[in-house]
Amino acid sequence: MIGAAQPILQADDVAHYYGRHRGCEHVSFDLFPGEVMGVVGESGSGKSTLLSTLYGRLTPTAGRVTCRTRTDESVDIHTISEPERRLLMRVDWAFVHQNPRDGLRMNVSAGANVGERLMAVGERHYGDIRSKAIDWLERVEVDAERIDDLPATYSGGMQQRLQIARNLVTGPRLIFMDEPTGGLDVSVQARLLDLLRGLVTDLGLSAIVVTHDLAVVRLLAHRLLVMRKGRVVESGLTDQVLDDPQHPYSQLLVSSILRT
Amino acid sequence: MSQPSETQGAWDPSYNFAFLDEQTKRMIRRAILKAVAIPGYQAPFASREMPMPYGWGTGGIQVTAGVIGPDDVLKVIDQGSDDTTNAISIRKFFVRTTGVRTTESTGDASIIQTRHRIPESPLREDQILVYQVPIPEPLRFLEPRETETRQMHALEDYGLMHVKLYEDIARHGHIATSYAYPVKVAGRYVMDPSPTPKFDNPKMDRCPALQLFGAGREKRIYAIPPYTEVKSLDFDDYPFELPTWDAACALCGDTHSFLDEVILDDAGGRMFVCSDTDHCRERRANGHVGPAAAAAPFETMSAAP
Ligand SMILES: [Zn+2]
Chain A
525 MIGAAQPILQ
535 ADDVAHYYGR
545 HRGCEHVSFD
555 LFPGEVMGVV
565 GESGSGKSTL
575 LSTLYGRLTP
585 TAGRVTCRTR
595 TDESVDIHTI
605 SEPERRLLMR
615 VDWAFVHQNP
625 RDGLRMNVSA
635 GANVGERLMA
645 VGERHYGDIR
655 SKAIDWLERV
665 EVDAERIDDL
675 PATYSGGMQQ
685 RLQIARNLVT
695 GPRLIFMDEP
705 TGGLDVSVQA
715 RLLDLLRGLV
725 TDLGLSAIVV
735 THDLAVVRLL
745 AHRLLVMRKG
755 RVVESGLTDQ
765 VLDDPQHPYS
775 QLLVSSILRT
Chain B
711 MSQPSETQGA
721 WDPSYNFAFL
731 DEQTKRMIRR
741 AILKAVAIPG
751 YQAPFASREM
761 PMPYGWGTGG
771 IQVTAGVIGP
781 DDVLKVIDQG
791 SDDTTNAISI
801 RKFFVRTTGV
811 RTTESTGDAS
821 IIQTRHRIPE
831 SPLREDQILV
841 YQVPIPEPLR
851 FLEPRETETR
861 QMHALEDYGL
871 MHVKLYEDIA
881 RHGHIATSYA
891 YPVKVAGRYV
901 MDPSPTPKFD
911 NPKMDRCPAL
921 QLFGAGREKR
931 IYAIPPYTEV
941 KSLDFDDYPF
951 ELPTWDAACA
961 LCGDTHSFLD
971 EVILDDAGGR
981 MFVCSDTDHC
991 RERRANGHVG
1001 PAAAAAPFET
1011 MSAAP
């Protein structure tokens, strides 16, 4: 992206091993503000391990992950203190799980789900929290009339929208997505992708999207990492990689999509 | 009208003083000291088997056993009343195992063990209020994992408490939680005063008496030291509010005490009376009269020993 900008996230030779088993290794990249990076590969390729390591949920066996906070500090996300980490997760970062149940609080209303991050960072005005929740429900195209309903009464696609609203309400700058459209019907997937693309563009978000679905990265990602057996086998601009894959494995991935 | 009873009981010498052995009492006192040093923090303790089941105040009983001495005067209340089965059996237990004097008068007691209520009359520096607590963890409602709730307390990460209050307002139009209403103690730890009614929350704030909380099943002791700030959680635009009653106490006419509804007959007759029976008795002794005070049946009810 813009040459002068500092990366919002940097992976420097990152590896994670499960005991002696390689989850991922030798992963390096810079992610710049406003940039969306897709990570593609089959299951077992190490893309989910990489995502968890980048997000700080797994500890790297080697290498480091640094991020730039909104106060423009550069921090190693695996060595910051727990209070700093929690604040970072709630204010600067967001995580959209494949299964919305993993990212939602199912026993409280949609409004409380959206408002939780606001309350976690100290908002104490009910009316303000509620109007922000309504605003966000509308932005993700959920009927604001349903603000007091439990997430369990929502369809899968609506739950995913709710999860996105719940994550974006504090204005994060970096969003991690793990198969965000997985498990949804094709027509629902397409509308959700449109929504995500609009939000990412409008808000100038940076994102890391892990998926096995090349259609998702084609629509969302500026850049791609192709992973196989825990290693990055190819990286580059999305269109370049998809239109003219260089590595035999990337060629295989693309051709398998084209065949189906 | 009867005077508050004050009995000198007989200590059955086959029991160690206050039932528990000295080592156990020391262990409980250490937990209490820790709890007092960190107001509102739930200090773990090795809760012992007591000769009554959990749910019968075993946590409070162990705390009382840890602090009681031969010169103490004990009052035990349940729902504000000294003469419920639970209160009577706990009182008898301490009479048998310590021989201490007991009383129904709040002013005469040095230790008051309670479930549910804080006495209406202000407490003093030389008194200890011991609460029996069923569920000590205020975050449990939304976070079942103990490891996570501990982290949240350690990091002062209390946004979830407001999620609960938010849900209340969204569903009921106001904060409907009327019991176990969460408080922040000394500006740091969020604490569950369960199962005390929120009506009593302001009484905890800067109270001159030491307040100790014992949860037997969950093995936790927590404390509010004398004169500690206790603030009920709320929203800026939905501030903490005390419940009010349209009625006055039928017996003593009090309009400021916590009232219980009493059903009088099958025809739907009912009245409101002070939940704190000692408070009500004292007011009547001082000449206060409620709308139903002349009626004989209530007189006998209130005069139970
Ligand atoms: Zn009364």
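Those protein sequence lines, which keep their order, are chains A and B. Numbering follows this note's numbering, in which position 203 of the first sequence is assigned residue number 727; successive positions increment by one, without gaps. Numbering follows this note's numbering, in which position 171 of the second sequence is assigned residue number 881; successive positions increment by one, without gaps. A virtual CB, placed ideally from N, CA and C, is assigned to each residue, including glycine.
Got a sec? Which residues, its chain only, sit under 8 angstroms from Y948 of chain B by beta carbon, not counting five neighbours each side?
L875, I879, H884 and I885
Please decide whether V873 of chain B counts as near chain A, where near means a Cβ-Cβ distance under 9 angstroms.
Yes - at least one Cβ of chain A is within 9 angstroms of the one on V873 of chain B.
Using Cβ-Cβ distances below 9 angstroms, what residues of the stretch 631–642 of chain A are close to chain B?
N631, V632, S633, G635, A636, N637, G639, E640, R641 and L642
If we ignore side chains and look at the alpha-carbon of each, how far apart do P763 of chain B and G770 of chain B end up?
13 angstroms
Proximity test, R827 of chain B beta-carbon vs ligand 1 heavy atom, cut-off 8 angstroms
no
Helix, strand or coil, according to DSSP, for L555 of chain A in the structure here?
strand
What did DSSP end up calling P1015 of chain B once you bin it into helix, strand or coil?
In this predicted model, P1015 of chain B has a pLDDT of only 38, less than 50, meaning its place in the structure is not dependable; the value taken from the coordinates is given anyway. Of the three classes helix, strand and coil, the one that applies to P1015 of chain B here is coil, per DSSP.
Among residues of its own chain, excluding the 5 on either side of M682 of chain A, which ones have a beta-carbon nearer than 7 angstroms to its beta-carbon?
V666
Below 9 angstroms between beta carbons: does that hold for G706 of chain A and T573 of chain A?
no
Around ligand 1, what residues have a beta-carbon under 5 angstroms from a heavy atom of it, in chain order?
Those residues that bring their Cβ nearer than 5 angstroms to a heavy atom of ligand 1 are B:C959, B:L961, B:C962, B:D964, B:C984 and B:C990.
If we require 4 or more residues per run, which alpha helix (DSSP H) segments fall completely within the stretch 876–946 of chain B?
Qualifying alpha helix (DSSP H) stretches, in chain order: 911–914.
I798 of chain B: which of B:T807, B:T808 and B:I787 sits nearest, CA to CA?
B:I787
Taking 9 angstroms as the CB-CB limit, is L849 of chain B close to chain D?
In the displayed structure, chain D is absent; the protein chains listed are A and B.
Is the beta carbon of Q622 of chain A closer than 9 angstroms to that of P675 of chain A?
no
Which value, in whole angstroms, describes the spacing of the CA atoms of R609 of chain A and D616 of chain A?
Taken atom to atom, the span from the alpha-carbon of R609 of chain A to that of D616 of chain A is near 10 angstroms.
Using the Cα positions of R827 of chain B and L865 of chain B, report the straight-line distance between them to the nearest angstrom.
When the Cα atoms are used, R827 of chain B and L865 of chain B turn out to be separated by approximately 31 angstroms.
Just to confirm my understanding: we take A896 of chain B, look at its own chain, exclude 5 residues before and 5 after, and list those with CB closer than 7 angstroms. What are they?
P749, G750, T938 and E939
Which value, in whole angstroms, describes the spacing of the CA atoms of T812 of chain B and T794 of chain B?
15 angstroms
Quick check on K785 of chain B: buried or exposed, where buried means 16 or more other Cβ atoms within 10 Å of its Cβ?
buried
Count the other CB atoms within 10 Å of the CB of V999 of chain B; is the residue buried (16 or more) or exposed (fewer)?
exposed
Within 9 angstroms (strictly less), CB to CB, does Y937 of chain B reach chain A?
So, not an interface residue.
Within the 9 angstroms Cβ cut-off, does I604 of chain A reach chain B?
Taking Cβ atoms only, chain B never reaches closer than 9 angstroms to I604 of chain A, which makes this a no.
CA-CA distance, A957 of chain B and T906 of chain B?
21 angstroms
Inter-residue Cα distance where the pair is A890 of chain B and A1002 of chain B:
Their Cα atoms are separated by approximately 32 angstroms.
For the stretch 857–872 of chain B, list every residue whose C-beta sits within 9 angstroms of some C-beta in chain A, in sequence order.
Q861, A864, L865, E866, D867, Y868, G869, L870, M871 and H872
Whole angstroms is fine: what's the gap from P780 of chain B's alpha carbon to E992 of chain B's?
Near 27 angstroms, if we compare the C-alpha coordinates of E992 of chain B and P780 of chain B.
Take the Cβ of E856 of chain B as the centre, count every other Cβ of all protein chains shown within 10 Å, and call the residue buried at 16 or more, exposed below.
exposed
Would you say D709 of chain A lies against chain B (beta-carbon separation less than 9 angstroms)?
no
Outcome for P607 of chain A when other beta-carbon atoms lying within 10 angstroms are tallied against a minimum of 16
exposed
Is the distance from the Cβ of A714 of chain A to the Cβ of V724 of chain A below 9 angstroms?
9 angstroms or more divides the Cβ of A714 of chain A from the Cβ of V724 of chain A.
Answer yes or no: do Q921 of chain B and E847 of chain B have a C-beta to C-beta separation smaller than 9 angstroms?
no
Own chain residues within Cβ distance below 6 angstroms of D722 of chain B, not counting five before or after
R806
Name, please, each residue of chain B whose Cβ falls closer than 9 angstroms to the Cβ of G695 of chain A.
By Cβ distance, chain B contributes nothing, its closest Cβ being about 16 angstroms from G695 of chain A, past 9 angstroms.
Just to confirm the assignment, what range does the beta strand (DSSP E) spanning H540 of chain A have?
Here the beta strand (DSSP E) through H540 of chain A covers L533 to Y542.
Cα separation between I601 of chain A and S567 of chain A?
26 angstroms
Please classify L716 of chain A: does DSSP put it in a helix, a strand, or coil?
helix
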